[in-house]
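A.B. asks:
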Amino acid sequence: MEHFEEKELDRILRLSGLSLSEEERELLFSDLSRIVPYIERITEFAEKAEPEDKDPESSGNALLREDVEEECILSEAILQNAPARLDSTFTVPRTVE
Amino acid sequence: MKREEIFSFSAFELARKIREKQIRAQEAVEAVFQNIDEHESNIHAYISLDREAAMNEARHCDELVQKGGELPPLLGVPMAVKDNLLLKGRKATCGSRMLENYIPPFTATCVQKLQDAGAILIGKTNMDEFGMGISTEHSFFGPTRNPLDPARVPGGSSGGSAASVSGNMAFAALGTDTGGSVRQPAAYCGLVGLRPTYGTVSRHGLVAFASSMDIAGPLTRGTRDAAGICNIVTGADPKDQTSISGPKIDISSLEQATVKGMRIGIPRELSGESESRDGFSLAVSEEVKASLEDAVRILEEEGAQVEFFDMPILSYAVEMYYILSSAEASSNLSRFDGIRYGYRDPDAKDLASLYTGTRSTGFGLEVKRRILMGNYVLSTEHFDDCYRRAESARKKLCRSFDEAFSRYDVLLSPTAPQVAPLLGESGKDALQNYISDLFTVPASLAGIPAVSVPFGKTSLPVGLQFTGPRFGEQAILTAARFLEIHQEERKEKEAKGGTENA
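So the sequence lines, in the order shown, correspond to chains B and V. Using this note's numbering, the first residue of the first sequence is number -8, and each one after it goes up by one. Using this note's numbering, the first residue of the second sequence is number 6, and each one after it goes up by one.
1) Are any of the Cβ atoms in chain B nearer than 9 Å to that of V/Cys391?
2) Strictly under 9 Å for the Cβ-Cβ distance: is B/Glu13 near chain V by that measure?
3) Keeping to the same chain, check which residues put their C-beta closer than 7 Å to that of V/Pro426; ignore five residues upstream and five downstream.
4) Can you grab the Cα-Cα spacing for the pair V/Gly473 / V/Ser171, in whole Å?
5) Is the number of C-beta pairs between the stretch 178 to 188 of chain V and the stretch 63 to 83 of chain V that are closer than 8 Å three or more?
6) Look at V/Tyr381 and B/Glu(-4) and say whether their C-beta atoms are less than 9 Å apart.
7) For the beta strand (DSSP E) containing V/Glu312, list its first residue and its last residue.
8) Are there 16 or more other CB atoms within 10 angstroms of the CB of V/Asn151, so buried, or fewer, so exposed?
9) Ignore the nearest five residues each way along the sequence and tell me which others in B/Ala23's own chain have a CB closer than 6 Å to its CB.
10) Can you name the residues of chain B whose CB is closer than 8 Å to the CB of V/Leu224?
11) So for V/Gly128, helix, strand or coil by DSSP?
12) Look at the Cβ atom of V/Ser418, then the Cβ atom of V/Phe444, and state whether they are nearer than 9 Å.
13) Specify whether the stretch 343 to 356 of chain V and the stretch 187 to 194 of chain V touch according to this definition: at least 3 beta carbon pairs, one from each stretch, less than 8 Å apart.
14) Kindly identify the DSSP beta-bridge partner or partners of V/Tyr413.
15) Spell out whether any CB of chain B is found under 9 Å from the CB atom of V/Ile108.
16) Out of curiosity, what's the CA-to-CA distance linking V/Ser290 and V/Ile139?
17) Could you say which of V/Leu428, V/Asp88, V/Leu153 and V/Ala124 lies nearest to V/Arg102 if we only look at CA atoms?
18) Nearest-angstrom Cα distance between V/Thr483 and V/Pro454?
19) Quick one: list the residues of chain B neighbouring V/Ser335, beta-carbon separation under 7 Å, in chain order.
20) Decide if V/Ala16 is buried, meaning its Cβ has at least 16 other Cβ atoms within 10 Å, or exposed.
21) Residues in the same chain with beta-carbon distance under 6 Å from V/Ser320, minus the five sequence neighbours each way, listed in chain order, please.
22) Using only the alpha-carbon positions, how far apart do V/Asp1 and V/Ala231 sit?
23) Suppose contacts are defined by Cβ-Cβ distances below 9 Å. Is V/Cys403 in contact with V/Gly452 by that definition?
24) Compare the beta carbon distance of V/Phe38 and V/Ile127 with 9 Å and say whether it is the shorter of the two.
25) Which residues, in chain order, does the stretch 81 to 100 of chain V contribute to contact with chain C at a C-beta distance below 8 Å?
26) Near V/Ser207, which residues of its chain fall below 7 Å by C-beta distance, leaving aside the five closest residues on each side in sequence?
27) Step through the CB atoms of chain V and report whether any lies within less than 9 Å of the CB of B/Pro47.
28) Given a threshold of 16 other Cβ atoms within 10 Å of its Cβ, counted over all protein chains shown, does V/Ala59 qualify as buried or as exposed?
29) Select from the stretch 64 to 83 of chain B all residues with a C-beta closer than 7 Å to any C-beta belonging to chain V, and list them in chain order.
30) Could you list the residues in the stretch 210 to 243 of chain V with a C-beta less than 7 Å from some C-beta on chain B, going in chain order?
31) I'd like to know if V/Thr361 contacts chain B, where contact means its C-beta is closer than 9 Å to some C-beta of that chain.
32) Can you name, in chain order, every residue of its own chain whose Cβ lies under 7 Å from the Cβ of V/Ser53, other than the five neighbours on each side?
33) Start and end of the beta strand (DSSP E) containing V/Pro110?
34) Are there three or more Cβ pairs, one per stretch, closer than 8 Å when the stretch 298 to 316 of chain V is compared with the stretch 256 to 273 of chain V?
35) Under 9 Å between C-beta atoms, does B/Glu(-3) make it to chain V?
36) For V/Gln27, is the classification buried or exposed, using 16 other Cβ atoms within 10 angstroms of its Cβ as the cut-off for buried?
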């Protein structure tokens, strides 16, 4: 069980695409310093994953549907929720100078 | 008809009265909105309401009744749905700034089924952001209060749905349950909350939190309403490949439910006996313990075989749940990038700051905590130690349940360790909040059905939970209905006694 460190928080913030205010950082670092050792207690029960337990749920029972042509949601209905758009496209800030 | 009388009916009784022309759907909707006008500003069960649409639908229902012919089972019944279930053309915010103005282009399958059954959807209910929370205090739109005691929380994350029904601002509601979000608010608000077998309710149109555990379920004033609504919303759906059809519940057999000969197991790990491990413990209140003891006595008196047994893996259920659900949440919520839909940080200058700025200002604190936990357990350094081991333990948990159900018909436990806490209390210690999910997360991990039913002599409601094997809804609702009948008879006796004494 490792000690949760500030540099670990920085690493997962980058992975998460998040930044925190000073107040949030203080609070979440304090919380995660307790939560991470707690959830890592899982190692007490399952020392290591057994081969038969590693595979994801069998998809053998998954419901497969016929490939039937249906009316699709129009792009306008989707684009109405875009935070910024130009005609029938999403717009984003300039990516190349 | 007087408002009090209208609200003495269950959802399906109301539907019958409407079909039999004893009451008009418009009267029922008006009664609901009168209560909303009086209480909603204090309770805040709803994020959005549409009175005009509800009244129009009610008029249409009354016209159908006048025409006669075969009428759908919930015709004219005012219902509410949680704001993470999509209803075409009506905002679906998930309690988040990120989706504050999101208008879905389609309707969730389970919501469509309610509409097809004739229900009038009067509004979308408040919730902890993206379903992450146990108090409905983590909503961008502010907290919901418990109608039974507005100083207290209604539970979460389906707290708005629970409050809408408990406060007579809807006849029934749909919530969603990932780790207990239907059952725990039901317990706090004195309602029945049913989590059906995973997959039996389509997830199409349910905004994802943890896809391997998410499911919609009813919050109702009684077990028969829960069973009836469950029968309506369940069934395989081509739009959700994990969906599956299960047996329908025989509601008529619930009328005089008996537990004679039923084998009921109580896992010691979920019996309310607080056990400290590595300095972490779960404090179960005396009133919850007393309600469980009361139930055991009554079940045994009726002829049930009640037995305590050990299921040690349950002691690790909270760890499993928070590893796996956070991993799935961090993956599901990566879609919120400020580009395709939803909120965008107005100050973003480039693509990187657009992404980070949108997520950092669009998500609330609890959601950020879960995303960080998820990315921690999924990162290369911790994937085998945490995620793989939790996945392995989950399989072992499922096998332990299989073994338990070879000996018992249903399992019994409290739904939550205490009655509804005061507002502000449950936000103080995130880890302690997570540990308090111990009673509800095992069924979520195993994908098995569980129902919370109010039971006990306490002033604030206590919920007891029956858990069954996959497709075991009939058995758990039979046991819950038995306690419900007993509770109703007890209240009748008390009322009579009170009158006599007065």
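Each residue gets a CB set at the ideal place from its N, CA and C atoms; glycine is no exception. These numbers come from a predicted model, not from an experiment.
C.D. replies: The relevant details are as follows:
1) yes
2) no
3) Arg157 and Val158
4) 26 Å
5) no
6) no
7) Gln310 to Phe314
8) buried
9) Per the sequence shown, residue 23 of chain B should be read as Leu rather than Ala. These residues qualify, in order along the chain: Phe(-5).
10) Ordered by position in chain B, no residue passes the 8 Å Cβ test against V/Leu224, which lies about 27 Å from the chain.
11) strand
12) yes
13) no
14) DSSP output for V/Tyr413 lists no bridge partner at all.
15) yes
16) 17 Å
17) V/Asp88
18) 13 Å
19) Ser7
20) buried
21) Glu274
22) Examination of residue 1 of chain V is not possible in this model, given that chain V is present from 6 through 507 alone.
23) yes
24) yes
25) The displayed structure is made up of protein chains B and V, and chain C is not among them.
26) Thr114, Cys115, Asp242, Lys244, Asp245 and Ser248
27) Caution is warranted here: a pLDDT of 45 is assigned to B/Pro47, below 50, making its placement in the model unreliable, and the coordinate value is therefore given only provisionally. Yes - at least one Cβ of chain V is within 9 Å of the one on B/Pro47.
28) buried
29) Ile64, Ala68, Ile69, Gln71, Asn72, Ala73, Pro74, Ala75, Phe81 and Val83
30) Ala241 and Pro243
31) yes
32) Arg95, Lys96, Gly128 and Lys129
33) Looking at the DSSP string, V/Pro110 is not in any beta strand (DSSP E), and its letter there is neither H nor E.
34) yes
35) no
36) exposed
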